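Here the structure is laid out as structure tokens; the discussion comes afterwards.
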Amino acid sequence: MKTLAIRLEDDQHAKLTMLARLAGISVTDAIRAGVEAQIEVMAADPQIAAKADELQAEIEREAREAAAALSAMFGTGKPKPRATTPKTST
């Protein structure tokens, strides 16, 4: 679960608080329901869906760049063997 802080205008906060109270739910639950409803609306929007492939390609490009940077700094991702000092025999 993630925490998200939002700023509301005073009148929005008052309306939300009163409506949540009248509905017998918490303000948090009212906000969650509103967010879920907006997610459904946005996910069904064809203009937004049309941008999904472009965003997927951008995410993959950024991941490749990050992986290349890590590889350049630390090698191929495999742990490097620790240097050992030869033991002296007595």
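Just so it is clear: in the sequence shown, position 40 is 40 by the UniProt record's numbering, and no numbers are missing.
Where is the CB? At the ideal position from N, CA and C, for every residue including glycine.
Here the structure is a predicted model, which is why all the values come from computation and not from measurement.
For secondary structure counted as the alpha helix (DSSP H) over 4 or more consecutive residues, the stretch 31 to 86 holds these complete runs in sequence order: 46 to 49 and 52 to 74. When only Cα atoms are considered, Met18 and Ala57 end up about 44 Å apart. The continuous alpha helix (DSSP H) containing Thr17 extends over residues Asp10 to Ala23. Taken atom to atom, the span from the alpha-carbon of Ala14 to that of Ala20 is near 10 Å. Secondary structure of Thr28 (DSSP, three-state): helix.
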